[in-house]
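Last residue of the sequence shown: number 952 in full-length UniProt numbering, and the count goes up by one each step with no gaps.
From the three backbone atoms N, C-alpha and C, an ideal C-beta is built for every residue, glycine too.
The structure appears right after this line, and notes come after that.
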Amino acid sequence: MDFKTYVLEVHYGGHFAYVPNLQYVGGEVANFDDVDPDLMSIFELRDAFKDAGISHETEVYYRVRNLDFKVGLKLLNSDQIVIEMFEVNRTQNIIQLYVGEIPEEDLHADRTVAEDNIEVNGKQNLNPNADQPQNDEAESDASDPSQEGDRDGCREVEYDSDFDFFLDGDDLNDACDPIDDVERDGGEVDCHLKQTDYAKYVALISEEYNAYLNSKGHGKLVDDEDVSDDEILKPVYDSNDEGMEHEFPEFNMERDLKNPELTVGRIFSNIYDFRAAVRMYSILNGFEVTFTKNDKDKAVVICSNKCGWRIYASGYNGSKVTLQVKSIKGVPHRCPWSFKNKSANSRWLSRMFMEDIADHPDMKVKGFKKSIKRKYNLNCTNSQMYRAREKAEEAVKGSCAKQYARLRDYCATLLQRNPGSVAFIVTEKSNICKSPIFKRMFVMFTAQKEGFVNACRPVIGLDACHLKGIMGGQLMSAIGRDANNQMFPIAMALVESECKDSWGWFLDSLTDAIGTPIERGWVFLSDRQKGLIDCIENKYPGVEHRFCVRHMYANFKLKFKDKHLRDLMWGAARAYLPCHYESKMRELHLVAPEAHAWLSSIPANLWARHTFSPRTKCDLLSNNICESFNQYIKDAREEPILTMFEAIRRQIMCRFQEKRDWIQKVKSHICPRICQKIEERKKQVAQFDALVSTREVYEVTGIVGTFAVNAVQRSCTCNEWDMTGIPCVHACAGLVQDNKDPYAYVDNCYSVETYVKAYAGVVMPMPDQTNWVNASSDTLLPPRRKIAPGRPKKVRKKAPLEDLHVGKLSKVGLPIHCSHCGHTDHNARSCKVTGCSFVRQRKSVTAQMQGPTKRGRGAGRGHSTIADAAVERNTDADVVQNADVTKSTTARGPTRAKMRGRGRGRGKGRGSDHNNGPLCGIGLWNGQGISTNSKYFKDWPAPSNPTGKPTF
């Protein structure tokens with residue numbers, strides 16, 4: 001650079017006019033000396049104009065000296081143009097600037113260059129041939145087929161503006177944009193330029209751009225002030241499309257939405273894709289946008305801060321649906337980063353983080369907000385997060401109402417894919433609408449039915465668990481026990497609530513599929529649910545029904561919390577012999593007759609092990625198989641109904657296959673859990689002496705007694721082998737003494753062969769919802785939702801002693817004694833013993849006089865109610881009336897008796913004791929003032945004064 005500084009010669013106060021050529025008429029001239037180009041920017045220039053009193057709101061142009069005045073004017077609208085101004089005039093010391101607006105109508109006048117020969121379809125005709133008609137409707141011209149194709153062997157390139165694509169960061173002037181001109185008139189411009197004529201037209205503006213086009217060979221579109229020549233958009237050619245001369249880049253919603261590029265000429269399929277791209281662009285660049293025009297075939301978007309950023313898109317080739325970006329201004333965007341963006345609403349958040357929420361359904365709102373802050377630098381509210389997560393879950397799992405509408409199709413498809421299964425729906429009618437309303441649903445797969453009937457012991461656990469979804473309800477289940485003493489799901493049903501009617505319907509549906517208890521000898525195990533006991537007794541009288549002893553003890557310990565009583569109860573329940581049961585019950589009667597009476601009120605055949613039938617080969621005392629299943633489907637219980645049943649089906653399908661694969665690895669002919677029990681009993685054989693009576697008959701003597709074992713009949717006098725089918729410790733002692741293998745005497749229900757038979761069935765996979773069977777045309781409505789008060793609960797209520805704090809002994813369930821009288825039915829505050837209230841009051845006053853320090857706030861304004869105190873102390877009523885103490889007075893003072901109070905005080909809760917009058921007294925913790933004047937309280941005890949200091 002020849003000169004380190006420049007002189008800016010600013011012409012202002014005048015105007016541009018054609019007389020006949022373009023000139024600047026009138027005005028004044030101001031010089032700015034010693035201008036350093038390294039320190040100059042568009043903002044510095046405007047501030048300098050403002051300080052000099054020059055209007056900076058209008059347009060400012062600089063002149064290129066070696067060009068004609070009309071062509072050499074360049075609009076100053078960005079820092080890039082300011083740099084270009086100094087580079088172009090680097091051989092000059094003085095740079096001329098002009099303030100004003102070039103007349104718009106003159107810019108579109110006919111060009112007087114004979115060799116121009118440019119055809120333009122738009123509001124203004126740039127072709128000098130006067131016989132060419134003009135048309136004001138851009139859309140009809142753009143869609144005219146006569147304007148398309150090759151003319152004179154020249155390839156035609158379509159543009160929508162005469163000026164936007166010429167300058168690398170310079171629009172000549174913003175007022176020259178035909179799009180802006182037409183928008184002011186409510187129209188639209190589409191321009192078609194031949195390539196050869198286009199090069200001639202550019203030659204009139206600048207030789208530099210003419211050289212650029214000769215080197216590139218094609219037209220270009222500019223969308224950014226700072227783009228380089230390599231980044232300028234050229235027509236894109238596809239070798240596969242021989243008939244197409246050019247095409248513009250297209251926006252792909254799935255590929256480009258994460259990081260959209262807004263360039264001039266880019267094509268969007270519809271207005272919705274364009275809106276999504278612009279909003280995503282604004283979020284990624286940290287500014288808010290406003291749609292000033294938002295039609296299906298035209299859109300204008302500006303920055304909400306009105307900084308000059310603007311994008312315009314309209315129909316592509318006259319289309320009413322497909323849009324093309326025609327111009328972009330104000331780039332790069334320079335507004336400060338906005339941490340709040342209205343485009344980042346809950347719908348956008350749910351769409352962007354749908355995969356994360358699907359992978360992590362338990363994601364907390366706090367973690368959700370951190371992810372958004374880290375990825376997009378946005379601050380969102382908690383309400384937005386909750387709505388976004390709800391919408392994302394609905395998109396992933398499906399709408400609740402839509403899922404109920406497709407339940408019939410689901411059942412029909414399930415029966416088609418799994419022949420022999422049971423799946424049906426119970427509906428109810430409504431007086432309000434004609435469509436049926438969902439009530440109940442029952443599902444049982446063929447693999448479950450055949451596996452339980454053919455290879456499981458005849459014990460069925462019944463239980464119901466709450467669903468945690470929006471519609472609520474209860475999921476009833478029937479669970480069996482396989483050869484490895486693990487749960488075996490049999491059937492499940494969704495009902496509205498747990499009651500006698502719903503349990504009766506579930507048992508009827510279950511027994512219709514697997515047979516009645518009388519025919520098959522089923523044994524039911526339950527938790528003493530509501531309505532289930534009466535239902536079993538009424539439907540299947542005489543059928544064996546067992547209670548879960550763990551749930552019985554939960555009720556037992558509410559009244560009897562002693563550990564010794566608990567041991568006696570469980571000892572009675574676990575006894576295999578009636579004599580042992582009677583022994584435990586007698587001991588319980590001696591220790592706690594009330595506990596014995598409570599336990600005896602429940603029939604022993606419902607909970608005592610010695611009454612169970614030996615044919616079931618099951619000695620279960622708790623319903624843990626159902627509790628295990630409820631925990632197994634814990635995550636599915638939070639889903640909508642269709643998603644829940646599908647999740648459970650997948651779990652069962654995979655479980656059956658996993659069991660088949662696992663059992664192939666077992667080497668023994670007995671299942672592993674049974675083998676583990678036998679090994680533990682074989683370790684105890686040394687504690688017994690076994691005598692062989694005859695072939696496979698033994699007499700076993702131990703510490704607790706002598707037992708007769710018959711291996712042929714597979715029984716022992718302890719009754720455990722008979723009950724379970726697994727050799728007891730006495731049988732193992734006799735068999736080992738006789739060199740027999742205890743595994744050979746295990747019942748066949750525990751064999752690997754039986755296990756394989758149980759899981760031989762296959763639960764077939766389900767297709768996508770689009771391939772489901774169309775079962776019915778009626779729309780199934782969701783059930784009536786019952787909204788309980790308070791916040792929805794997803795965690796069950798635990799028993800008092802179920803969740804103890806580690807390292808701290810809980811006082812839940814322990815009796816609380818009154819500190820005054822010692823009784824357990826109340827505390828000191830509600831004690832009704834005579835004199836208790838006075839004693840508490842006297843203790844409070846004494847403590848206040850002695851000055852104990854307690855937590856408190858406030859100045860402690862105590863109101864003295866002498867009349868009430870006098871009546872309580874049996875003071876003469878006449879004296880009280882003469883004292884005129886019916887009004888409450890405030891007692892404040894310097895006494896340092898700090899008390900925590902509920903009175904209306906502020907400060908440190910200090911009462912006062914002024915002995916200046918009969919109505920002044922100390923402020924008590926409860927807001928009452930009591931006077932210690934002996935004139936009114938003759939028998940008030942004097943406080944102790946160990947310090948010997950005088951008191952007031």
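Residue i and residue j: beta carbons closer than 8 angstroms?
| i | j | result |
| --- | --- | --- |
| Ala731 | Ala711 | yes |
| Val325 | Trp309 | no |
| Tyr404 | Phe438 | yes |
| Met723 | Pro614 | yes |
| Leu577 | Asn454 | no |
| Ala478 | Cys749 | no |
| Thr290 | Ile271 | no |
| Met766 | Glu646 | yes |
| Arg677 | Ile633 | The residue you asked about is not Arg; residue 677 is Lys in the sequence shown. Not closer than 8 angstroms, so no. |
| Val549 | Pro517 | no |
| Pro458 | Val523 | yes |
By the DSSP assignment, the alpha helix (DSSP H) with residue i in it spans what residues?
| i | result |
| --- | --- |
| Val422 | Not the alpha helix (DSSP H): Val422 falls in the beta strand (DSSP E), residues 422 to 428. |
| Gln80 | 79 to 88 |
| Ala455 | 446 to 455 |
| Met354 | 354 to 359 |
| His596 | 593 to 600 |
| Ile271 | 271 to 284 |
| Val752 | 752 to 758 |
| Leu568 | 563 to 574 |
| Thr511 | 500 to 514 |
| Met253 | 253 to 256 |
| Phe368 | 365 to 376 |
For the beta strand (DSSP E) that residue i lies in, which residues bound it at each end?
| i | result |
| --- | --- |
| Lys326 | 323 to 329 |
| Asn385 | Note on identity: in this sequence residue 385 is Met, with Asn being the wrong assignment. Where Met385 is concerned, there is no enclosing beta strand (DSSP E), although the alpha helix (DSSP H) it sits in stretches over 382 to 397. |
| Pro517 | Note, Pro517: premise wrong, no beta strand (DSSP E); alpha helix (DSSP H) at 517 to 520. |
| Gly461 | 459 to 466 |
| Asn538 | Segment 532 to 539 is the alpha helix (DSSP H) holding Asn538; no beta strand (DSSP E) there. |
| Gln403 | Unbroken run through Gln403 is the alpha helix (DSSP H), 400 to 405; no beta strand (DSSP E). |
| Leu97 | 94 to 99 |
I think residue i touches residue j, with their Cβ atoms under 8 angstroms apart; what is that distance to the nearest whole Å?
| i | j | result |
| --- | --- | --- |
| Gly504 | Lys539 | 7 angstroms |
| Val29 | Val10 | 7 angstroms |
| Leu76 | Leu45 | 7 angstroms |
| Asp463 | Cys626 | 3 angstroms |
| Leu8 | Phe16 | With 8 angstroms as the limit, Leu8 and Phe16 do not qualify as a contact, their Cβ atoms being about 19 angstroms apart. |
| Ala412 | Val773 | 4 angstroms |
| Lys298 | Ser314 | 5 angstroms |
| Tyr312 | Ser327 | 5 angstroms |
| Ala395 | Ser350 | 7 angstroms |
To which residues does DSSP link residue i through a beta bridge?
| i | result |
| --- | --- |
| Arg546 | Leu525 |
| Tyr312 | Val300, Ser327 |
| Leu75 | Tyr61 |
| Leu415 | Its beta-bridge partners do not exist; DSSP assigns none. |
| Gln474 | His466, Val495 |
| Lys293 | Val300 |
| Ala17 | Gln23 |
| Ala30 | Val10 |
| Asn710 | Val697, Ser715 |
| Gln486 | None, per the DSSP bridge assignment. |
| Phe49 | Phe49 pairs with nothing; no bridge assigned. |
| Met441 | Ile425, Leu494 |
| Phe268 | Leu323 |
| Gly480 | Phe488 |
With 8 angstroms set as the bound, which would you pick, yes or no: does the beta-carbon of residue i sit closer than that to a beta-carbon of chain D?
| i | result |
| --- | --- |
| Ala401 | In the displayed structure, chain D is absent; only one protein chain is listed. |
- Query: Which full runs of the beta strand (DSSP E) of 3+ residues lie inside the region 617 to 700, going along the chain?
  - Reply: 689 to 694
- Within the region 719 to 750, note down every full beta strand (DSSP E) run reaching 3 residues or more, in order along the chain. none
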